[in-house]
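**Student:**
Residue numbers (the numbering used here): 1461 to 1892.
Now the structure itself:
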């Protein structure tokens, strides 16, 4: 009996160690574009064909709501538990139809407050106070923003010269906010800024060398990021500013799918953030974007992720265009292993980590000559297990994984590779 109990306990422990992002069931297979939590338990998701889902128990259960529209719903925002807004539209339909709907009873009823051609709304929706808010989208003229000053009862167009599309907003207070957009004459991307609560939007930066900006996020008045993609060459794009958008610089994104589009991001603080995008990619940083590592998504390659939301640094959700809702309670777990080469090596090999010493990221490369179950673990010098980076069956080849030592103190640590009868241990030094 004691043996059975021990095996059951070991199974529970292993399940906790290796679980990262798991799927929460929901009643739809529609494409899901946005997720928003009003508080720790109440959340809304919106998607294609007017889909609205609501949860009152932190995503354990989701119930459908009636939107009375068939347009894709892209952006969501609530000013309190009962009053909220959804925006949407279709950029692939002639006329760019757009819609804004409102609820005052927690989604029991949704009423259209704006419905017209001209601007198909995207994810950009923000209220600076209960009465004043902005909705943004793609326009067939130069009216990418609509504004309300009476709690969404009426919406008036805001013309911004040369700007045809705005994908997202970010405000740090009632006065200061940024937006990312694009124009046609000439074709270029813009970062816009307001310092008067959206009364005026001024072009802060122009870019001609990039493909598209999808999301912008500031953690304070100085520090912010942009996520998107580059056209030539086609690759993921992360830009950062540390001086309020006066200057932007590219950040290195060393994850395994560098060619995917990054759609959305969420920063819990100045150091810890996630970005999600095409093919189910989830990348994480714990050092303000200096390094990014891909996290393990069980549905990687099966539909893009369009929105991500976190409470603190560990509990979060993301939604996909294949109708999935993914959830984590441990920050998303370790980063995923990256295949470096599929050529069969001559034998097993565990290489010295690099850089070494490191702070807080380091890369560990190893080779295996056969298909085998591989584990890669971190220990302290007393032999205590610190982390399990890998526990899965891999094909022959060479692999690399990034280890994040943010939660550890300075010192010497051991990393051990075990595959079949092979086992090797190396030392690495963390210096903070």
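Using N, Cα and C, we set each Cβ at its ideal position, and we do this for glycine too.
Taking only three categories from DSSP, how would you classify residue 1873?
**Tutor:** It is a strand residue.
**Student:** How would you label residue 1471, buried or exposed, when you count the other beta carbons within 10 angstroms and need 16 or more for buried?
**Tutor:** Caution applies to residue 1471, whose pLDDT of 28 falls short of 50 and renders its modelled position unreliable; the value that the coordinates give is listed next. Exposed, since its Cβ has fewer than 16 Cβ neighbours within 10 Å.
**Student:** Just to confirm, is the Cβ distance from residue 1632 to residue 1594 under 8 Å?
**Tutor:** no
**Student:** According to DSSP, is residue 1474 part of a helix, a strand, or is it coil?
**Tutor:** Since pLDDT at residue 1474 reaches only 33, below the 50 mark, its modelled position is unreliable, and the value read off the structure follows with that caveat. Helix.
**Student:** What residue range does the beta strand (DSSP E) around residue 1625 cover?
**Tutor:** 1625-1631
**Student:** Go ahead and label residue 1784 buried or exposed: buried means 16 or more other beta carbons lie within 10 angstroms of its beta carbon, across all protein chains shown.
**Tutor:** buried
**Student:** Assuming residue 1507 and residue 1492 are in contact, meaning their beta carbons sit under 8 Å apart, how far apart are those beta carbons, in whole angstroms?
**Tutor:** 4 Å
**Student:** Whole-angstrom Cβ separation of residue 1622 and residue 1592, contact assumed at under 8 Å?
**Tutor:** Going by Cβ atoms, the distance from residue 1622 to residue 1592 rounds to 25 Å, so no, they are not a contact pair.
**Student:** In the DSSP output, what is residue 1516 paired with across the bridge?
**Tutor:** For residue 1516, which the question treats as bridged, DSSP gives no partner whatsoever.
**Student:** Counting Cβ pairs closer than 8 Å, one from the region 1753-1762 and one from the region 1480-1490, do we hit at least three?
**Tutor:** yes
**Student:** Within the same chain, show all residues whose beta-carbon is closer than 7 Å to that of residue 1611, passing over the 5 residues directly before and after it, in chain order.
**Tutor:** 1590, 1591
**Student:** Starting from residue 1887, trace the beta strand (DSSP E) both ways and give me its first and last residue.
**Tutor:** For residue 1887, the enclosing beta strand (DSSP E) covers residues 1882-1890.
**Student:** Closest to residue 1747 by C-alpha separation, out of 1858, 1545, 1732, would be which residue?
**Tutor:** 1732
**Student:** In whole angstroms, what separates the C-alpha of residue 1741 from that of residue 1768?
**Tutor:** In a straight line, the C-alpha of residue 1741 is about 11 Å away from that of residue 1768.
**Student:** If we ignore side chains and look at the alpha-carbon of each, how far apart do residue 1708 and residue 1599 end up?
**Tutor:** Residue 1708 and residue 1599: Cα-Cα distance of roughly 26 Å.
**Student:** Quick check on the DSSP output: the beta strand (DSSP E) that includes residue 1818 runs from which residue to which?
**Tutor:** Per DSSP, residue 1818 belongs to no beta strand (DSSP E) and is neither H nor E.
**Student:** Which whole-angstrom value is the C-beta distance of residue 1687 and residue 1724, which I expect to be below 8 Å?
**Tutor:** 7 Å
**Student:** So, with DSSP's three-state summary, where would you put residue 1584?
**Tutor:** strand
**Student:** Between the Cα of residue 1680 and the Cα atoms of 1798, 1630, 1577, which residue gives the shortest distance?
**Tutor:** 1630
**Student:** Suppose you measure from the CA of residue 1744 to the CA of residue 1774; what does that come to, to the nearest Å?
**Tutor:** A straight line joining the alpha-carbon of residue 1744 with that of residue 1774 spans about 11 Å.
**Student:** Using 10 angstroms around the beta-carbon of residue 1843, count the other beta-carbons present and answer buried if the total reaches 16, otherwise exposed.
**Tutor:** exposed
**Student:** Sorted by chain position, which residues of the same chain lie with C-beta nearer than 6 Å to residue 1607's C-beta, five sequence neighbours on each side aside?
**Tutor:** 1594, 1616, 1618
**Student:** Starting from residue 1496, trace the beta strand (DSSP E) in both directions and tell me its first and last residue.
**Tutor:** 1492-1497
**Student:** When the Cα atoms are used, what is the spatial distance from residue 1541 to residue 1840?
**Tutor:** Spanning the alpha carbons of residue 1541 and residue 1840 requires a straight line of approximately 47 Å.
**Student:** How do the region 1809-1820 and the region 1858-1875 stand: do at least 3 beta-carbon pairs fall below 8 Å, yes or no?
**Tutor:** Three or more beta-carbon pairs drawn from the region 1809-1820 and the region 1858-1875 are found closer than 8 Å, and the two stretches are therefore classed as touching.
**Student:** Nearest CA to the CA of residue 1698: which residue from 1853, 1549, 1882, 1751?
**Tutor:** 1751
**Student:** Specify, as a first and last residue, the run of the beta strand (DSSP E) that residue 1840 falls within.
**Tutor:** 1832-1840
**Student:** According to the Cβ coordinates, are residue 1604 and residue 1625 closer than 8 Å?
**Tutor:** yes
**Student:** Following the continuous beta strand (DSSP E) through residue 1690, name the residue where it begins and the one where it ends.
**Tutor:** 1684-1690
**Student:** Looking at the strands, I want to know which residues DSSP matches up with residue 1642.
**Tutor:** 1625, 1649
**Student:** With DSSP run on the structure shown, which of helix, strand or coil describes residue 1739?
**Tutor:** helix
**Student:** Is it buried or exposed for residue 1553, if we count other Cβ within 10 angstroms and need 16 for buried?
**Tutor:** Label assigned to residue 1553: exposed.
**Student:** So, helix, strand or coil for residue 1802, using DSSP?
**Tutor:** coil
**Student:** Taking 8 Å as the threshold (C-beta atoms), are residue 1667 and residue 1627 in contact?
**Tutor:** no
**Student:** What is the DSSP secondary structure of residue 1510, reduced to helix, strand or coil?
**Tutor:** helix
**Student:** Under DSSP, the beta strand (DSSP E) around residue 1501 begins and ends at which residues?
**Tutor:** Counting along the chain, residue 1501 falls outside any beta strand (DSSP E), and DSSP gives it neither H nor E.
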